[in-house]
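Report on the following structure.
In this note's numbering, the protein residues as written are 3 to 192.
Set out below in structure tokens:
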């Protein structure tokens, strides 16, 4: 813990990010990623830059462009999601180990609509649908509370992947998520 109630957040690729304990940085809806510096998480910024390199001059890369060996440091924070028809449900194809460590179970292979005990499904369905509809990366900060009494949130950036045979069609999503924790502190009156 730092001075003035600051808390050191996850390390990993992230370098000692600190937030005041009384700051709230979550948002209710997803936003387009206009500027990578708007992302708090270095992991999400690095993931977005990886996606942009894969994309090149195209509007989005094909799903066959994803090579796990080219993003080893990001794998624990990476997830892949199949877009199911009609595009109102999603299935987790891969969920990284750091993400699994922050959820009740490994959701790999599960439909998002079948996961009813985590409390963020509605936000995630809206986020994923907005990426599919807009065919562009979006990010969101989603809050939750742990059993240990921490105010927690995660930042996630989600990017579309095209079906190589059908340009412009989004058949898969790739994303990165980093979890942060803060003690629950009521601001003191001055």
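Glycine is no exception: its CB is placed at the ideal position from the N, C-alpha and C atoms.
Quick one: give me the first and last residue of the alpha helix (DSSP H) that residue i is part of.
i: residue 50; result: 44-57
Based on Cα-Cα distance, which residue from the options lies nearest to residue i?
i: residue 268; options: 79, 169 and 157; result: A query on residue 268 cannot be resolved here, the shown segment of the chain reaching from 3 to 192 and no further.
i: residue 154; options: 105, 160, 137 and 141; result: 105
i: residue 183; options: 146, 118, 35 and 34; result: 146
i: residue 172; options: 62, 39, 57 and 56; result: 62
Quick one: residues in its chain with C-beta nearer than 6 Å to the C-beta of residue i, no 5 flanking neighbours on either side, listed in chain order?
i: residue 157; result: 42, 43, 46, 143 and 180
i: residue 125; result: 144
i: residue 95; result: 82 and 84
i: residue 169; result: none
i: residue 161; result: 53, 139 and 176
When DSSP labels each residue in this structure, what does residue i get in the three-state scheme?
i: residue 200; result: Outside the modelled stretch of the chain, which goes from 3 to 192, sits residue 200, for which no answer is possible.
i: residue 118; result: coil
i: residue 181; result: strand
i: residue 107; result: coil
i: residue 171; result: strand
i: residue 142; result: strand
i: residue 38; result: helix
Given residue i, which residues of its chain have a CB within under 7 Å of its CB, disregarding the five upstream and five downstream residues?
i: residue 15; result: Its pLDDT being 41, under 50, residue 15 is placed unreliably in this model, and the coordinates cannot settle the point.
i: residue 134; result: 85, 89, 162 and 172
Which two residues bound the contiguous beta strand (DSSP E) that contains residue i?
i: residue 96; result: 91-97
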